[in-house]
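**Q** Heads up, the first sequence is in this note's numbering, so the first residue is 3 and it goes up one at a time. We treat Cβ as the ideally placed atom computed from N, Cα and C, and that holds for glycine. The structure presented is a predicted model; accordingly, all values stated were derived computationally and were not measured. Before I ask anything, here is the structure I am working with.
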Amino acid sequence: MPELPEVETVRTGLERLIIGREIADVFADTVKSFPNDPEEVAQCLVDARVESVRRRAKVLLIDLSTRYTLVVHLKMTGQLVFRGEQNFGAGHPNDSLVGMLPDKSTRVILTFRDKSVLYFNDQRKFGWMKLYPTAEVPNIDFMRKVGPEPLEDSFTGELLYERLQRRKNTCIKAALLDQTVLAGVGNIYADESLWGAKIHPATIVKNIPKSKINNVASEIQIVMRLAIEKGGSTDRNYVNAEGKKGSYIDFARVFRRENLPCPRCSTTILKTRCAGRGTHLCPVCQPAATTLFQ
DNA sequence: CACTTGACCTGTCCGC
DNA sequence: TGCGGACAGGTCAAGT
């Protein structure tokens, strides 16, 4: 669930909440959640000060004064939640999904000198955090292979078209989900963007004219900018760095809106399967036809 | 190489 | 009410 807008929302929250704080103690529950050697972790993290919080695709990069970077992938159910004095042990306001911490999903705990805490929670244990020397981060396999950031000025329909050439025989949805084509798109924003561009998710890439790819590129930007403005999408698990939900899901046009009317033409939204994922579409706005674009 | 499928996990929901 | 199975979706390894 955390896709680009959710990870970006966590990033801006962390930037405000943890920069300048010094780590005093680290707890990690399993090797999988934090695979570095525990001694290395203690050595590189304890007494380190947080210098900056960056994002690339769906990955968070927490740069430390020790010239190490904590790389974090939230995968589907990961959360990074900060607790300082003002919200220590905070209960469950309506906009929160997180109660007392740690809880049974807590995988890693970073305690700062001032007793504030950063919790890494992950119900399904798919997420991870890992330490790398900051200078080596660009050489991480993922960082070398990942595609362009859709919200940068350099991202255009032309660039998307070019990137899609590597996946021209697959369906457009699978191609958009491929992080080496384009960074940061997941299931929610793939469905939303394809609805915006009026393209059926199962359409084979090579059958889509360039003008339509331009539309896809701009829809991705429109949808993601709105999602960031709304603090991301809380479908089930996602919360920001303060433990609060995002509200984009209330503005979604197709995602999780099966059996409801299409906001454009009132046709009932369908839920199908495409690229191995639950896929939402309007059968009238996004017709499945091979000769559609002739 | 291009593409698809299954595995990784746990919580939730649905049908019996 | 309990229980089995499907499902949720990001990424990578393994298979076609």
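1) Count the other C-beta atoms from every protein chain shown that fall within 10 angstroms of the C-beta of Ala-137, then say buried if there are 16 or more, exposed otherwise.
2) Whose C-beta lies closer than 8 Å to the C-beta of Pro-263 among residues of the same chain, with five residues either side of it excluded?
3) Got a sec? Which residues, its chain only, sit under 7 Å from Ile-224 by beta carbon, not counting five neighbours each side?
4) So for Val-55, helix, strand or coil by DSSP?
5) With DSSP as the reference, identify every bridge partner of Ala-137, one or two as the case may be.
6) For Arg-275, which of helix, strand or coil comes out of DSSP?
7) Fully enclosed by the stretch 215-252, which alpha helix (DSSP H) runs are 4 residues long or longer?
8) How many whole angstroms separate the CB atoms of Cys-173 and Ala-192, which I take to be in contact at a CB cut-off of 8 Å?
9) Going by beta-carbon coordinates alone, are Ile-25 and Leu-112 separated by less than 8 Å?
10) Going by the DSSP bridge assignment, what does Pro-263 pair with across the sheet?
11) Below 8 Å on the Cβ atoms is my contact criterion, and I expect Val-28 with Ala-44 to pass it. Report the Cβ-Cβ distance as a whole number of Å.
12) Below 8 Å between beta carbons: does that hold for Ser-35 and Lys-106?
**A** This is what the structure gives:
1) Residue environment for Ala-137: exposed (fewer than 16 other C-beta atoms within 10 angstroms of its C-beta).
2) Thr-269, Thr-270, Ile-271, listed in sequence order.
3) In the same chain as Ile-224, and ignoring 5 residues on each side of it, the C-beta atoms closer than 7 Å to its own belong to Gly-198, in chain order.
4) In the three-state reduction of the DSSP assignment, Val-55 falls in the strand class, which pools E and B.
5) Note: Ala-137 sits in no beta bridge, so no partner.
6) Of the three classes helix, strand and coil, the one that applies to Arg-275 here is strand, per DSSP.
7) Counting only runs of 4 or more, we get nothing.
8) Going by Cβ atoms, the distance from Cys-173 to Ala-192 rounds to 11 Å, so no, they are not a contact pair.
9) Going by C-beta atoms, Ile-25 is nearer than 8 Å to Leu-112.
10) Note: Pro-263 is bridge-paired with Thr-270 in the DSSP secondary-structure output.
11) Yes, they are in contact, since the Cβ atoms of Val-28 and Ala-44 sit about 6 Å apart, within 8 Å.
12) Contact check for Ser-35 against Lys-106 fails: the beta carbons are separated by 8 Å or more.
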